[in-house]
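Below: the structure, in structure tokens.
In my numbering, the protein residues as written are 147 to 632.
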């Protein structure tokens, strides 16, 4: 072999060796959004949320007024009352009653009292002196059970309606002790006592109805309905709108001496990002008839925000410094930056050094892994510009496992970031709207819905369930004890 041929071959080998050792430059253009690909999915409507708001009405003043209006003692044993059907007969009685006991069932207020009495009868025969006899003076007095019934309701105009009547007035039992019958004179004093007591009680009931109906329910409800329409600040640029709609009557109950009407409010709570929304100031709707849905169930969508710098840091902790080798060549990952595109994809700008020096761009569409409750990018791959640049001496990078490792590590657990929003929303729900009006609620994160690529964050939307309640009045302090029925 000639010396010149040998030198030529050595030169070629040296050139190849130097070429293999030289770092190749990677300088693709950054990815751009695909035109017309912006797509924000429309989510299905959420089930309506139900809020039970108890409206307390202090029955005590009306009951005290009735207690004072109906005498506890009435009648006079010395005052004879002639029996219309027999002018020779006359009766007299003296009675006393127990305090009214109160109970409530559905929409009916019931007041009961027991009247015990003594009676006396007279008979003037045609010839001879007037004869008389008595009952209840020497032994246990006979008794009457009295039941007053008041039907209470709210009409569509939010006016409290009340109708009271004497529902029952009869002997407490069929025993002899509860009958006042002067046998030998054939005079039934019990019937006469009932005839005297019934109109006395009936005459006092219209005043009770007027006092109950005077309570201005509409004014009270209008106040808190307007407050519930105001947006509630969750954090900077994030607001909670309760969006109250229909109002229905739930149920009535009695708590101590307070009549509590549960107003069932139907709402569509939602989170609104951006500046503070304008108050809608809708008028109070008419009260609809009662339904049997269970109250206080709430449904809302919450959003977890994953800033791009946090996503970048998460990937960097796992991958920075890692080397990828192929065909005797290698690169080292120096930095990773995550950024958004307007078409719903994200970009990973991966800075590498070693046998290739430069920035590789990978793109992919974020998705939700429901099983692990994580955000993933399963289609992450080199974008077109980077793929076109990976030719000839750079092609080996496409055949390595760097893309697979980036896909594997591009996984972001979501419960932590959703918990942050859940906590803030729950905190916003538990507050005093005004003096005597307290909003309370709990929120539990549920099903993941979707992920949006926002210019500032990756936004993860999820369903949340919980409870909402409205306490519209401070607890009523009973100043004077009213008897409680058993």
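Ideal placement from N, C-alpha and C gives every residue a C-beta, glycine not left out.
Just so we're clear, the structure is a prediction, and the values are computed from it rather than from any experiment.
**OP:** Take every Cβ of the segment 407-414, pair it with every Cβ of the segment 518-529, and state whether three or more of those distances are shorter than 8 Å.
**Re:** no
Original post:
Under three-state DSSP, which class holds residue 301?
Top reply: Here residue 301 corresponds to residue number 155 of the chain shown, with the count starting at 1. It is coil, neither helix nor strand.
Subject >> residue 599 vs residue 491 beta-carbon contact at 9 Å >> reply: Numbered from 1 along the chain shown, position 453 holds the residue referred to as residue 599. Numbered from 1 along the chain shown, position 345 holds the residue referred to as residue 491. For residue 599 and residue 491, yes; Cβs fall inside 9 Å.
Original post:
Pick from 558, 552, 229: whose alpha carbon is nearest that of residue 456?
Top reply: As a position in the chain shown, residue 456 is number 310, starting the count at 1. Nearest C-alpha to residue 456 among 558, 552, 229: 558.
**OP:** Could you spell out where the beta strand (DSSP E) holding residue 310 opens and where it closes?
**Re:** In the chain shown, residue 310 corresponds to position 164, counting from 1. First-last of the beta strand (DSSP E) with residue 310: 306-317.
Subject >> Simplified DSSP assignment, three categories, for residue 424 >> reply: Taking the first residue of the chain shown as 1, we reach residue 424 at position 278. Coil, per DSSP.
Subject >> Environment of residue 224 [buried if 16+ CB atoms lie within 10 Å] >> reply: In the chain shown, counting from the first residue as 1, residue 224 sits at position 78. Exposed.
Subject >> Cutoff 7 Å; reference residue 108; Cβ partners in own chain excluding five residues on either side >> reply: Absent from the structure is residue 108, since the part of the chain shown begins at 147 and ends at 632.
Subject >> Secondary structure of residue 576, DSSP reduced to three states >> reply: Residue numbering aside, residue 576 sits at position 430 when the chain shown is read from its first letter. It is coil, neither helix nor strand.
Original post:
Which of the three DSSP states, helix, strand or coil, is assigned to residue 338?
Top reply: For the purposes of this step, residue 338 is taken as residue 192 along the chain shown, with counting starting at 1. Three-state result, residue 338: helix.
Original post:
Alpha carbon to alpha carbon, how far is residue 324 from residue 301?
Top reply: For the purposes of this step, residue 324 is identified with residue 178 of the chain shown, where counting begins at 1. For the purposes of this step, residue 301 is identified with residue 155 of the chain shown, where counting begins at 1. Answer to the nearest angstrom: the Cα atoms are 42 Å apart.
Original post:
Does the Cβ-Cβ distance between residue 290 and residue 257 come in under 9 Å?
Top reply: Taking the chain shown and counting its residues from 1, the one referred to as residue 290 is at position 144. Taking the chain shown and counting its residues from 1, the one referred to as residue 257 is at position 111. Not in contact: residue 290 and residue 257 (Cβ atoms no closer than 9 Å).
Subject >> Whole beta strand (DSSP E) elements within the segment 196-267, 3-residue minimum >> reply: For the segment 196-267, the full-length beta strand (DSSP E) segments reaching 3 residues or more read 219-221, 227-229, 232-243, 247-251 along the chain.
**OP:** Sort 586, 495, 514, 466 by Cα distance to residue 531 and report the nearest one.
**Re:** As a first step, residue 531 must be located in the chain shown, where it is residue number 385. With distances taken between CA atoms, residue 531 lies nearest to 495 out of 586, 495, 514, 466.
Original post:
If we ignore side chains and look at the alpha-carbon of each, how far apart do residue 390 and residue 312 end up?
Top reply: Within the chain shown, residue 390 is the residue found at index 244, counting from 1. Within the chain shown, residue 312 is the residue found at index 166, counting from 1. Those two C-alpha atoms are separated by around 41 Å.
**OP:** Pull up the distance between the alpha-carbon of residue 472 and that of residue 482, whole angstroms please.
**Re:** Taking the chain shown and counting its residues from 1, the one referred to as residue 472 is at position 326. Taking the chain shown and counting its residues from 1, the one referred to as residue 482 is at position 336. About 21 Å.
**OP:** Can you grab the Cα-Cα spacing for the pair residue 317 / residue 200, in whole Å?
**Re:** As a working note, residue 317 is residue 171 in the chain shown. As a working note, residue 200 is residue 54 in the chain shown. For residue 317 and residue 200, the distance between alpha carbons rounds to 39 Å.
**OP:** Measure the Cβ-Cβ separation of residue 244 and residue 264 and say whether it is below 9 Å.
**Re:** Position 98 of the chain shown, counting from 1, holds the residue named residue 244. Position 118 of the chain shown, counting from 1, holds the residue named residue 264. Going by C-beta atoms, residue 244 is not nearer than 9 Å to residue 264.
Original post:
Which same chain residues, not among the five before or five after residue 270, have their C-beta less than 6 Å away from its C-beta?
Top reply: Along the chain shown, one-based indexing puts residue 270 at 124. Only 234, 276 meet the Cβ criterion.
Original post:
Is the beta carbon of residue 212 less than 9 Å from the beta carbon of residue 351?
Top reply: Taking the chain shown and counting its residues from 1, the one referred to as residue 212 is at position 66. Taking the chain shown and counting its residues from 1, the one referred to as residue 351 is at position 205. Cβ distance < 9 Å, so residue 212 and residue 351 count as in contact.
Subject >> Where the alpha helix (DSSP H) through residue 455 begins and ends >> reply: If you number the chain shown from 1, residue 455 lands on position 309. Note, residue 455: alpha helix (DSSP H), 454-465.
Subject >> Endpoints, the beta strand (DSSP E) within which residue 401 is located >> reply: Within the chain shown, the letter at position 255 stands for residue 401. Residues 390-401.
Original post:
Can you name the start and end residues of the beta strand (DSSP E) that residue 536 belongs to?
Top reply: Looking up residue 536 in the chain shown gives position 390. From DSSP, residue 536 is part of no beta strand (DSSP E); its letter is neither H nor E.
Original post:
For the segment 478-514, which segments carrying the alpha helix (DSSP H) assignment without a break, of at least 4 residues, lie completely within its bounds, in sequence order?
Top reply: none
Original post:
Can the beta-carbon of residue 420 be found less than 9 Å from the beta-carbon of residue 383?
Top reply: Residue numbering aside, residue 420 sits at position 274 when the chain shown is read from its first letter. Residue numbering aside, residue 383 sits at position 237 when the chain shown is read from its first letter. Yes.
Original post:
How is residue 625 classed by DSSP in three states: helix, strand or coil?
Top reply: Reading the chain shown from its first residue, position 479 is the one you call residue 625. Caution is warranted here: a pLDDT of 38 is assigned to residue 625, below 50, making its placement in the model unreliable, and the coordinate value is therefore given only provisionally. Three-state DSSP puts residue 625 in coil, outside helix and strand.
**OP:** Buried or exposed for residue 614, please, with buried defined as at least 16 other CB atoms from any protein chain shown within 10 angstroms of its CB.
**Re:** Position 468 of the chain shown, counted from the start, is the residue given in the question as residue 614. Burial call: buried.
Original post:
Which residues in the same chain as residue 193 place their Cβ atom closer than 7 Å to its Cβ, once the five residues preceding and following it in sequence are excluded?
Top reply: The residue given as residue 193 occupies position 47 in the chain shown. 445.
Subject >> Straight-line gap, residue 342 to residue 228 (C-alpha atoms, nearest Å) >> reply: Numbered from 1 along the chain shown, position 196 holds the residue referred to as residue 342. Numbered from 1 along the chain shown, position 82 holds the residue referred to as residue 228. Approximately 13 Å, taken between the alpha carbons.
Subject >> Whether residue 469 touches residue 500 by CB criterion (9 Å) >> reply: The residue you call residue 469 lines up with position 323 of the chain shown. The residue you call residue 500 lines up with position 354 of the chain shown. The beta carbons of residue 469 and residue 500 sit closer together than 9 Å.
**OP:** Buried or exposed for residue 565, please, with buried defined as at least 16 other CB atoms from any protein chain shown within 10 angstroms of its CB.
**Re:** Working through the chain shown from its first residue, we reach residue 565 at position 419. Result: exposed.
Original post:
In this structure, does DSSP put residue 569 in helix, strand or coil?
Top reply: As a working note, residue 569 is residue 423 in the chain shown. In the structure shown, residue 569 sits in a helix (DSSP, three-state: H, G or I).
Original post:
Just the Cα atoms here: how many angstroms apart are residue 203 and residue 575?
Top reply: Your numbering for residue 203 matches position 57 in the chain shown. Your numbering for residue 575 matches position 429 in the chain shown. For residue 203 and residue 575, the distance between alpha carbons rounds to 25 Å.
Original post:
Between the C-alpha atoms of residue 166 and residue 454, what's the straight-line distance to the nearest angstrom?
Top reply: On the chain shown, position 20 is the one that residue 166 refers to. On the chain shown, position 308 is the one that residue 454 refers to. With a pLDDT of only 49 at residue 166, under 50, the local geometry of the prediction cannot be trusted, and the value read off the model is given with reservation. Residue 166 and residue 454: Cα-Cα distance of roughly 37 Å.
**OP:** Return the first residue and the last residue of the alpha helix (DSSP H) that residue 469 is part of.
**Re:** The sequence position of residue 469 within the chain shown is 323, counting from 1. Annotation: residue 469 is outside any alpha helix (DSSP H); the continuous beta strand (DSSP E) that includes it extends over 469-472.
**OP:** Quick one: residues in its chain with C-beta nearer than 7 Å to the C-beta of residue 376, no 5 flanking neighbours on either side, listed in chain order?
**Re:** One-based indexing of the chain shown puts residue 376 at position 230. Answer for residue 376: 425, listed in chain order.
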